[in-house]
Amino acid sequence: MTARIHPAWWLLAALLSIYPILANDFFTLQIGAYSLILGTIALSLTILAGYGGMVSLAQLTAAGLAAYVLPIFGTNSQGVLGIGWSHWLTIPMALLVGASFSALVGLIAVRTSGIYTIMITLAVAVSVFFFTRQNYELFNGFTGYAGIEAPKPFGYDLRAPLPFYYLCLIVAAGFGLATLYAARTPFGLSLQAVRDNPRRMAALGFSVAGIRVLAFFLAGFVAAAGGILLVFFNGRISPGTIGVDVAIDILVIAVVGGLRHPIGPFIGALAFVLLETFAIDLIARERFNSLIGTAFLLIVLFSPDGLLGLWNKIRPKIGPKISRPSLGLAGPQTGKTPQFDAAETQPISSREDTG
Amino acid sequence: MGRTDALSRLRSSGQYALELEAVSRHFGALIALAGIDLAVEAGERRAILGSNGAGKTTLFNAVTGDFPVTAGRIRFFGEDITALPPHERIRRGLRRTYQISLLFENLSVRDNLFVACRGVSPHRASLRRAGPSEPAAELAEMLAQAVHLDAVLDSRVGTLSYGQQRQLEIGMALAGAPRFILFDEPAAGLSPSERAQLIEILGALPAHIGYLIIEHDMDVALRVAATVSMLHNGRIFKEGTPAEIENDPEVQALYLGGGHD
Ligand SMILES: Nc1ncnc2c1ncn2[C@@H]1O[C@H](COP(=O)(O)OP(=O)(O)OP(=O)(O)O)[C@@H](O)[C@H]1O
Ligand SMILES: [Mg+2]
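For the record, the sequence lines run as chains H and U. The first sequence begins at 89 in the working numbering and counts up one residue at a time. The second sequence begins at 1207 in the working numbering and counts up one residue at a time.
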């Protein structure tokens, strides 16, 4: 079942690779790299929601906690903590912190479903936000940390526009492709099967909770990678970075982009960043959220599968019939969107044995 | 483990696939199962009859652990499984089908069966892709053939016909190495030719695999089962051979009278 790769993907890869050569620094960083970073964090949610049917609002929190590891154990300009460990140590630590935190959230959330998962993960996100704001010993409270630098292997600054863009591209593409690969592994199929029917999964010998927690762990790893890039990008981190408003932005990015394919969150992130950057010229700053909200509503109304679904809908009309890029996603694009409503297909009473 | 328990386990080990001791299940004030005692030998094939709401499906849910029991004990090949979660019971060789199909609608038939085969194997959720020569992949194709779904192997399950979904439901329960299977109305809604296929599949199961089958159609039930337990209002009402049950005046009265209470 080796899937053929559609030429459109090669074209996209080529385009992304030469993009910073064509673009100026602003477009390379503020649009290109930033979209890839937000896309990576949103990919974490796509993995959970699209493949696992679990909407977690705590994925940005996982990214943020991973990001905090760098100034706390590495260096910062705040004069608080900053143990000074090298990036070789702090980056793996950050990845592990993000993944473990996410797994912990999963452990709490797996017993719930639908809207209750959203509520519990939201509660976690809110508590961590307030904790980081009030805690000065570890998180330096409201101020957070600044002066966080990207690695300079052999004196080569990874934060310079070109290298940083390519770093983000490699990380984003790496996790995107890994997601596609994993979707067809026994684990990936199990996760999608759990999304479709958890009760049957138990009746096949699977530990539903185990699969869900593993999914949270892996998604947390992806989020952490995004968080690390984000803290290099900004050079600073504070509670505002992991606020609930931003967590909602990540949800919007994932849903608007489309949950059915790992490219979705990146499309969503690009749309979001473009809107955020250029809408300012057209409308007042405080109207931005209304604009995002309206765009979100329109897209969800007209294309439940997000921009990705929109593309799949219009493509047959604009070009000669080309076969769909079959990179091997198990849930075909024609399928129905995963349902997140609280009324799951299982009878209420089947929940009491898992409670 | 107490000595009495040890002795009773010794006595029953190997002989019985399934033993229920005073199993009850309440839903609030409703008593769906009222102290069921049942012993099914290894390899035995038994039909469970009973009118709507008699508690047949609840009995299956109790055995698989889909719903915990309110009271009583369940042993599977001598081992007390009353407190085990469903997936642990399945890993011990128990399988079931559902009265209302519970399938993975967005996955293909192949993937449904593949997942079913992996569920009872070690490394069930590995992060390495399985090659085409992987046992579970081959087994999935074999099962699809057995339940007459090889033509739609790569179709999304949500697009299958009702009859095909019912057949997949059976295929899922045959994955791995089942020791005992619970079939919940597998023939309901099937066409006559699909019914014949079902009877053929059940007949083709190796002799050591026993099963319970809930079936309203007496003709089907009596052809695939050697013994019959009749359930009524959450109790075992009659047990016997198909002929005994069929000719029992009380059973006849119950069935002809609609038998709701
Ligand atoms: N999850 C549940 N919550 C509340 N009551 C339930 C539940 N499941 C079953 N019951 C009740 O328990 C009783 C037995 O139901 P069960 O589904 O076991 O019947 P059945 O013998 O399988 O009937 P049928 O032939 O209609 O499938 C019924 O009165 C039913 O309403
Ligand atoms: Mg029933």
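For glycine and all other residues, C-beta sits at the position ideal for the given N, C-alpha and C. All figures in this text were calculated on a predicted structure; none of them were measured in a lab.
Beta-carbon proximity of residue i to residue j, cut-off 8 Å
| i | j | result |
| --- | --- | --- |
| U/Ala1346 | U/Leu1380 | no |
| U/Ala1357 | U/Gly1377 | no |
| H/Leu183 | H/Leu339 | no |
| U/Ala1248 | U/Thr1264 | no |
| U/Glu1375 | U/Leu1300 | no |
| H/Ile109 | H/Asn164 | no |
| U/Pro1292 | U/Asp1317 | no |
| U/Ala1331 | H/Phe275 | yes |
| U/Leu1366 | H/Gln280 | no |
| H/Ile129 | H/Ala151 | yes |
| U/Ser1435 | U/Arg1252 | yes |
| H/Leu396 | H/Gly328 | no |
| U/Leu1437 | U/Leu1290 | no |
| U/Gly1241 | U/Glu1311 | no |
| H/Thr178 | H/Gly162 | yes |
Start and end residues, beta strand (DSSP E) containing residue i
| i | result |
| --- | --- |
| U/Thr1433 | 1433-1438 |
| U/Val1246 | 1236-1247 |
| U/His1329 | Neither: U/His1329 is in no beta strand (DSSP E) and is coded neither H nor E. |
| U/Ala1196 | Nothing in the structure corresponds to residue 1196 of chain U, since chain U is present only between 1207 and 1467. |
| U/Leu1300 | 1300-1302 |
Distance between residue j and residue i (C-alpha atoms, nearest Å)
| i | j | result |
| --- | --- | --- |
| U/Arg1372 | H/Leu136 | 30 Å |
| H/Thr205 | H/Val214 | 14 Å |
| H/Phe227 | H/Thr220 | 5 Å |
| H/Val216 | H/Leu358 | 27 Å |
| U/Leu1224 | U/Val1430 | 18 Å |
| U/Gly1234 | U/Phe1283 | 31 Å |
| H/Gly243 | U/Glu1344 | 53 Å |
| H/Met181 | H/Leu379 | 38 Å |
| U/Pro1341 | H/Leu117 | 48 Å |
| H/Ile203 | U/Pro1455 | 53 Å |
| U/Ile1280 | U/Gln1221 | 15 Å |
| H/Val301 | H/Gly314 | 20 Å |
| U/Cys1323 | H/Ala234 | 52 Å |
| U/Val1353 | U/Phe1389 | 14 Å |
| H/Lys424 | H/Gly264 | In this predicted model, H/Lys424 has a pLDDT of only 40, less than 50, meaning its place in the structure is not dependable enough to derive any value. |
| U/Arg1302 | H/Gln222 | 53 Å |
| H/Pro95 | H/Trp399 | 16 Å |
| U/Val1457 | U/Val1269 | 25 Å |
| U/Leu1169 | U/Gly1369 | The structure shown does not extend to residue 1169 of chain U, since chain U is modelled only from 1207 through 1467, so no value can be given for it. |
| H/Ser391 | H/Phe114 | 31 Å |
| U/Glu1227 | U/Val1246 | 12 Å |
| U/Ile1407 | U/Gly1261 | 26 Å |
Test: residue i CB closer than 8 Å to a CB of chain B
| i | result |
| --- | --- |
| U/Asn1258 | In the structure shown, chain B cannot be found, because the protein chains are H and U. |
Segment limits, alpha helix (DSSP H) that includes residue i
| i | result |
| --- | --- |
| H/Val361 | 352-370 |
| U/Lys1262 | 1262-1270 |
| H/Asp333 | 332-345 |
| H/Val319 | 296-322 |
| U/Glu1406 | 1398-1410 |
| H/Arg348 | It is not in any alpha helix (DSSP H) - H/Arg348 carries neither H nor E in the DSSP assignment. |
| U/Tyr1368 | 1368-1379 |
| H/Val193 | 175-197 |
| H/Val216 | 203-222 |
| H/Pro465 | The displayed coordinates of chain H run from 89 to 443. Any statement about residue 465 of chain H would go beyond what the structure contains. |
| U/Ala1322 | 1315-1325 |
| H/Phe228 | Here residue 228 of chain H is Asn; the residue named in the question, Phe, does not match the sequence. Here H/Asn228 belongs to no alpha helix (DSSP H), and DSSP marks it neither H nor E. |
| H/Ala121 | Here H/Ala121 belongs to no alpha helix (DSSP H), and DSSP marks it neither H nor E. |
Which residues DSSP lists as bridging residue i, in chain order
| i | result |
| --- | --- |
| U/Asp1286 | U/Arg1281 |
| U/Gly1416 | U/Phe1386 |
| U/Gly1446 | U/Val1434 |
| U/Phe1233 | U/Leu1236 |
| U/Leu1355 | Answer is none; U/Leu1355 lacks a bridge partner. |
| U/Arg1441 | U/His1438 |
| U/Leu1224 | U/Val1246, U/Phe1282 |
| H/Ile325 | H/Tyr233 |
| U/Leu1362 | As written in the sequence, residue 1362 of chain U is Arg, which differs from the Leu given in the question. Paired residues: U/Ser1314. |
Next on the checklist: Just to be sure I understand the criterion: a residue counts if its Cβ is closer than 7 Å to at least one heavy atom of ligand 2. Which residues meet that?
Outcome noted: Those residues whose C-beta sits under 7 Å from the nearest heavy atom of ligand 2 are, from N- to C-terminal order along the chain, U/Lys1262, U/Thr1263, U/Gln1305, U/Asp1390, U/Glu1391, U/Ile1420.
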